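Step one of this worksheet: look at the structure below.
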Amino acid sequence: MFDDRYTLAYKRYPYKKSADQDAAAPVRHPVVVMGGGPIGVATALDLGRQGIPTLVLDDHEGVGMGSRAICFAKRCLEIAGRYGCGKPMVDKGVVWNLGKVFHKDDQVFEFNLLPEEGHEYPAFINMQQPYYESFQLDRFEELQKDGAPIEIRGKNRVDSVEVHDDHVTLQIMTPDGPYTLEADWLIGCDGASSPLRTMLDLDFTGKVFQDSFLIADIKMKNDDFPTERWFWFEPTHGSGASTLLHKQPDDVWRVDFQIGWDVDRKEEMKEENIRRRLDAFLGEAVEYDMVWSSIYTFQCKRMDNFRHGRVFFAGDAAHQVSPFGARGANSGMQDVDNLGWKLGMVMRGEAPESLLDTYNMERIHGADENILNSTRSTDFITPKSEMSRILRDAVLDLSEKHEFARPLVNSGRLSVPCTYDGSPLNSADALDGPARSRPGSVCPDVPMGDGYLLSELGDTFTLLTIDADAPDEIEESGVKVTRLALSTKDDKTGALKERYLGDTESAVYLIRPDQHVAARRPNFDDNLIRAAIRRAIGKE
Amino acid sequence: MTDLVLTPNIESADDFYAELLAAHEGLSKDESDAFNARLVLVLANHVGDRDVLSDALKAASGKG
Ligand SMILES: Cc1cc2nc3c(=O)[nH]c(=O)nc-3n(C[C@H](O)[C@H](O)[C@H](O)COP(=O)(O)OP(=O)(O)OC[C@H]3O[C@@H](n4cnc5c(N)ncnc54)[C@H](O)[C@@H]3O)c2cc1C
């Protein structure tokens, strides 16, 4: 009656009967999150830190075994950092800087990533998804101990929902039988095949790519294997259109074989066949143990709308992309970052309900950007026509000798945060400053004393002043905005000037709780800043 | 910014044309296709300017 659909890596929230199950009438919760994957749990962290009672319902009792995501980009780590669990992730994760690109069997070039200095978090880390989820759950338990009103219920499967004007009714199945709950707000974080989407009969449109990938996580017995990323276009070791190798913690390596559409999955998944591919690829001398393997196909799809009245969708339930560029969990975390403060303000009565529609607008923009980028990578890796193959091969040929062609080689573009250009929450850019911190962008990090700027921003609205005067606190429409005063005199590395001032002398930035810039100007102007605050909370 | 040049701009045009044909001599159809693709990329990089490149694509497709 209640079978697991997948094997657990860690049992974290065993089923326990809740008093709600015996209640005479359905108990009402302010927020229910459907799904306890990385995105559902992050949602509870965001809302719980604001003191909003949040109940997560998951149909399993912990973290799934399959590693799936291994590449977590900087923005994702910064968001986890704001929730208080970014550091252990960075300590556990591995970073590579040297990448090698091969075509057929020859190396065409290698590159060093040389990430920009002066950020608390690295450009990305590689780490098995179960670790990522565990660190979030550690933080979840820590917040609970500190009194945050959050709860997660294992083996609580949502079987049906009924959406009303001002609440949602959920039918939940447990090992003790069914029960009913009500929620003021429901957030669907129930993954790519989202049962919630089906229950509400909502569209999920886009493109299914006719290709499959065999992934194998292997533990190397030789400890001298280099920490590099290797990408093969059309390897001649008979492994299909592409092969990718990169490192994870615990001496585990991820190998991705792109093996085509018409494959016999059962046959391919046999250990002897996986080993045959691996041996042809790594050479006989390399010894390894198999840790985990799986075959998957992917699609680039999104819902038409991420908000349906009292119901929101976030993460894979709302959008799915190809794995090139690691945009799945990374973009899901940006959904949470975006929704959390908006829902909090609306629930506290500080902002009109229409603010919630901007979640839809801004994150659709993000999803489209991700789909575009991952589709382009896919088209480069698996050319769709004769001429696109000829051009792709020309790029690879030229890149061996000529540096100019290397930026055209696309084996996945690393996920970078979306800039909400054109968002109705932005005020017109009034500063002749750097483009990277224009309204809509995520604040770039900057070293500050012993720490970093981003850890001083977020959760509430901030007025960041650089060599500019302003009141220490402003209250507008019930929203408190605190000032963070910085000066280029303390800017030892010059990063503050480079990232926030450019050629201008001073600046005032209005920064949202999700660390995105809402407005910027050269100096403080009471009327204009107040208008920008009203605009940023959907009141103008 | 410079505009896409669509007036005669190659000195000794006949020589250039002969050199282009000579480069393809002895190549199979596949090799020639690959050669052309590399040439387009080399020239495109030399031009660099995104607007000029878009105009060139339009001109080549007959729509510019
Ligand atoms: C091979 C592979 C490689 C990937 N690599 C990367 C990468 O490098 N970087 C990256 O960012 N992303 C990557 N991804 C994507 C990433 O794994 C997903 O984007 C991420 O797991 C999405 O999280 P989620 O919480 O939205 O959904 P999920 O992780 O799918 O979680 C959904 C949860 O909802 C639960 N649930 C489902 N139905 C119900 C129900 N009826 N009631 C209650 N609970 C329910 C499920 O049990 C599950 O716990 C990869 C994916 C794959 C397959």
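Sequence lines, in order, name chains A and B. Take the first sequence: its letters are residues 1 to 540, numbered as in this note's numbering. Take the second sequence: its letters are residues 541 to 604, numbered as in this note's numbering. Beta carbons: idealized from backbone N, C-alpha and C, even for Gly. Note that the coordinates shown come from a computational prediction; the quantities given were computed from them, not determined experimentally.
When the Cα atoms are used, what is the spatial distance from residue i to residue j?
{"i": "F524/A", "j": "I533/A", "result": "13 angstroms"}
{"i": "G84/A", "j": "R139/A", "result": "7 angstroms"}
{"i": "F109/A", "j": "E571/B", "result": "22 angstroms"}
{"i": "S415/A", "j": "S568/B", "result": "41 angstroms"}
{"i": "E162/A", "j": "F313/A", "result": "15 angstroms"}
{"i": "Q334/A", "j": "D554/B", "result": "58 angstroms"}
{"i": "L339/A", "j": "H516/A", "result": "13 angstroms"}
{"i": "T216/A", "j": "L496/A", "result": "The displayed chain sequence assigns Ala, not Thr, to residue 216/A. The alpha-carbon atoms of A216/A and L496/A are separated by roughly 43 angstroms."}
{"i": "S377/A", "j": "D201/A", "result": "31 angstroms"}
{"i": "D146/A", "j": "K74/A", "result": "27 angstroms"}
{"i": "L454/A", "j": "I187/A", "result": "27 angstroms"}
{"i": "G451/A", "j": "E120/A", "result": "8 angstroms"}
{"i": "F404/A", "j": "A584/B", "result": "10 angstroms"}
{"i": "A574/B", "j": "A558/B", "result": "19 angstroms"}
{"i": "L114/A", "j": "D251/A", "result": "23 angstroms"}
According to DSSP, is residue i helix, strand or coil?
{"i": "W341/A", "result": "helix"}
{"i": "Q210/A", "result": "strand"}
{"i": "T180/A", "result": "strand"}
{"i": "A73/A", "result": "strand"}
{"i": "F135/A", "result": "helix"}
{"i": "G451/A", "result": "strand"}
{"i": "L244/A", "result": "strand"}
{"i": "E574/A", "result": "A query on residue 574/A cannot be resolved here, the shown segment of chain A reaching from 1 to 540 and no further."}
{"i": "R310/A", "result": "coil"}
{"i": "V90/A", "result": "helix"}
{"i": "Q542/A", "result": "Nothing about residue 542/A can be reported from this structure: the residues present for chain A run from 1 to 540 only."}
{"i": "P424/A", "result": "coil"}
{"i": "V263/A", "result": "coil"}
{"i": "S506/A", "result": "coil"}
{"i": "A9/A", "result": "strand"}
{"i": "V481/A", "result": "strand"}
{"i": "M34/A", "result": "strand"}
{"i": "M173/A", "result": "strand"}
{"i": "S411/A", "result": "coil"}
{"i": "Q21/A", "result": "helix"}
{"i": "H119/A", "result": "coil"}
{"i": "K401/A", "result": "helix"}
{"i": "I79/A", "result": "helix"}
{"i": "L431/A", "result": "coil"}
Name, please, each residue of chain A whose Cβ falls closer than 7 angstroms to the Cβ of residue i.
{"i": "N549/B", "result": "Correct list: empty, because the minimum Cβ distance to chain A is about 22 angstroms."}
{"i": "D573/B", "result": "I390"}
{"i": "L581/B", "result": "A394, V395, L398 and A405"}
{"i": "A577/B", "result": "I390, L391 and A394"}
So, residue i versus residue j, is the Cβ gap smaller than 7 angstroms?
{"i": "V336/A", "j": "T43/A", "result": "yes"}
{"i": "R307/A", "j": "N273/A", "result": "no"}
{"i": "D190/A", "j": "A19/A", "result": "no"}
{"i": "V56/A", "j": "V33/A", "result": "yes"}
{"i": "A428/A", "j": "I466/A", "result": "no"}
{"i": "G433/A", "j": "G502/A", "result": "yes"}
{"i": "N373/A", "j": "G332/A", "result": "no"}
{"i": "L549/A", "j": "R521/A", "result": "With chain A covering 1 to 540 only, the question about residue 549/A has no answer from this structure."}
{"i": "L544/B", "j": "A596/B", "result": "yes"}
{"i": "R277/A", "j": "E182/A", "result": "no"}
{"i": "K207/A", "j": "C300/A", "result": "yes"}
{"i": "R229/A", "j": "W96/A", "result": "yes"}
{"i": "L464/A", "j": "A470/A", "result": "no"}
Since residue i contacts residue j with CB under 8 angstroms, what's their CB separation in whole angstroms?
{"i": "D224/A", "j": "T243/A", "result": "The Cβ separation is near 21 angstroms, so there is no contact."}
{"i": "I259/A", "j": "S212/A", "result": "6 angstroms"}
{"i": "V479/A", "j": "I537/A", "result": "6 angstroms"}
{"i": "T419/A", "j": "A241/A", "result": "Actually they do not touch by this definition, with Cβ atoms about 32 angstroms apart."}
{"i": "V101/A", "j": "S411/A", "result": "7 angstroms"}
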